[in-house]
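Undergrad: Each residue of the sequence shown is one higher than the one before, counting from 15 in the numbering used here.
Ideal Cβ placement from N, Cα and C applies to all residues, glycine included.
One structure follows; several queries about it will come next.
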Amino acid sequence: MNTTSLVIMAAGLGSRYGGIKQLESVGVNGEIIMDYSIFDAIRAGFDKIVIIIREDIQDDFMKIIGNRLIHSTDIPIHIVFQSLDNLPSGYVVPAERTKPWGTAQAILSAKEYIDEPFLVINADDFYGKDSYVKSQVFLSNSILNLKKPKFCIVGYPLENTLSNNGSVTRGICKCDNNGKLLSIEETFSIQKEDEFIAGSDLYGNKRLLAPSDTVSMNMMGFTPAIFPMLEKKFVNFLDNLNSNSPTKSEFLIPVAINELLSENVVDVEIVKTSANWFGVTFKEDKQLVEDSLYNLIQKGIYPKNLWR
């Protein structure tokens, strides 16, 4: 069986939230969502944690959670930076670009720390214990060095991932009867409209969605085979940057995965979970997260003192 790592993407600007939402306290003792993610991952059997942040939030990160994790856990914790300057040779950051390059480049930031199957998550999403258990089983039994690598995506019903406080972005998954992913489409501005759920695709075209649609919440399992694939895709992304938006376009993991699927060079399995998802996209979401965590503590699913 393989050792496994958890990679946490915490470098987003959090512009819709209005601050560094990944570091907002939501637990009864000041814990943030990331505390619960790492707690669940360790319980599920993950062997190492890699956290991707921006260098400018390092001091806040270490004060709020970093130092606590280092002293409270028995597995390696690595802090790495996602940087605008981390580009392939010959490429430069466009003038006036301040926005991070996106989730796929974030994963590349962790490359030097990963030699084993790994699970990627967002820092500001609560995924639930069941999703970590099922992901760890998949990854620990993954076969390395396959000619056609096999990855996984944890799938949630769309209706369980919406916010009452504004629109959200989700990866809409299409899969066959055996749970094999056929395509994933990054879909934006998703929200309820009367009795319907609507969103828009990459080109701004409106899409009507079903409550039962399977969505990705950026909880994805990979082997190290993903790194050279993403490096090639990143070069392609940069080569076409001027025809898009040099200051705002992002290199997104769902888009990259969809391209790899269309090229038939990877297989991706949908791992469905019964876990409850919730997250902090807007400031108004915070109270719901606090209440949900408190209820889980009352039910005995989490201890009141998480790192005692």
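In chain order, what residues of the same chain lie with their CB nearer than 7 Å to the CB of residue 220, ignoring the 5 residues before and after it?
TA: Correct list, in chain order: 212, 214.
Undergrad: For residue 283, which residues does DSSP report across the bridge?
TA: BP columns for residue 283 point to 166, 194.
Undergrad: From the DSSP output, read off the bridge partner residues of residue 234.
TA: Note: residue 234 sits in a beta bridge opposite 134, 167.
Undergrad: Rounding to the nearest angstrom, what Cα-Cα distance links residue 46 and residue 299 in this structure?
TA: Cα to Cα, the separation comes out at about 14 Å.
Undergrad: With a cut-off of 8 Å on the beta carbons, I'd call residue 16 and residue 110 a contact; round off their distance for me.
TA: With a Cβ gap of about 43 Å, residue 16 and residue 110 do not count as contacting.
Undergrad: Which runs of the alpha helix (DSSP H) at least 4 residues long sit entirely within the region 106-152? Give them in chain order.
TA: The qualifying runs are 117-123.
Undergrad: Residue ranges of each alpha helix (DSSP H) run of no fewer than 4 residues wholly in the region 51-107, ordered along the chain?
TA: DSSP runs (the alpha helix (DSSP H)) wholly in the region 51-107: 72-75, 81-86.
Undergrad: Identify every residue that forms a DSSP beta bridge with residue 292.
TA: The partner list for residue 292 (beta bridge, DSSP) reads 140.
Undergrad: Rounded to whole angstroms, what is the Cα-Cα separation between residue 159 and residue 50?
TA: C-alpha separation (whole angstroms): 32 Å.
Undergrad: Count the other C-beta atoms from every protein chain shown that fall within 10 angstroms of the C-beta of residue 135, then say buried if there are 16 or more, exposed otherwise.
TA: It counts as buried.
Undergrad: Quick one: any contact between the region 265-272 and the region 101-119, if contact means 3 or more CB pairs under 8 Å?
TA: Verdict: yes, contact present.
Undergrad: Please classify residue 70 as buried or exposed, where buried requires at least 16 neighbouring CB atoms within 10 angstroms.
TA: Looking at its Cβ environment, which holds fewer than 16 other Cβ atoms inside 10 Å, residue 70 is exposed.
Undergrad: Look at residue 180 and residue 296 and say whether their C-beta atoms are less than 7 Å apart.
TA: Cβ atoms of residue 180 and residue 296: closer than 7 Å.
Undergrad: Just curious, the alpha helix (DSSP H) that residue 267 is in, first and last residue?
TA: Unbroken alpha helix (DSSP H) run through residue 267: 267-276.
Undergrad: Check for me: the alpha helix (DSSP H) holding residue 243 runs from which residue to which?
TA: Segment 240-253, the alpha helix (DSSP H) holding residue 243.
Undergrad: Taking only the alpha-carbon atoms, compute the straight-line gap between residue 144 and residue 150 and give it to the nearest angstrom.
TA: Cα-Cα distance, rounded: 10 Å.
Undergrad: Is the distance from the Cβ of residue 153 to the Cβ of residue 59 below 7 Å?
TA: Taking 7 Å as the Cβ cut-off, residue 153 and residue 59 do not qualify as a contacting pair.
Undergrad: Identify which residue in 278, 250, 262 has its Cα closest to the Cα of residue 194.
TA: Among 278, 250, 262, the Cα nearest to that of residue 194 belongs to 278.
Undergrad: I'd like to know whether the C-beta atoms of residue 20 and residue 98 end up nearer to each other than 7 Å.
TA: No; because the gap between Cβ atoms is not below 7 Å, this pair is not in contact.
Undergrad: Report yes or no: is there a C-beta of chain D within less than 7 Å of the C-beta of residue 246?
TA: In the structure shown, chain D cannot be found, because there is only a single protein chain.
Undergrad: Below 7 Å CB to CB, which residues in the same chain sit around residue 5 once its five sequence neighbours on both sides are set aside?
TA: What the structure shows of the chain is the stretch from 15 to 322, and residue 5 is not part of that stretch, so it cannot be assessed.
Undergrad: Under 7 Å Cβ to Cβ from residue 112, same chain only, skipping five residues before and after it: list those, please.
TA: Within the same chain, residue 112 has no close Cβ partners at all.
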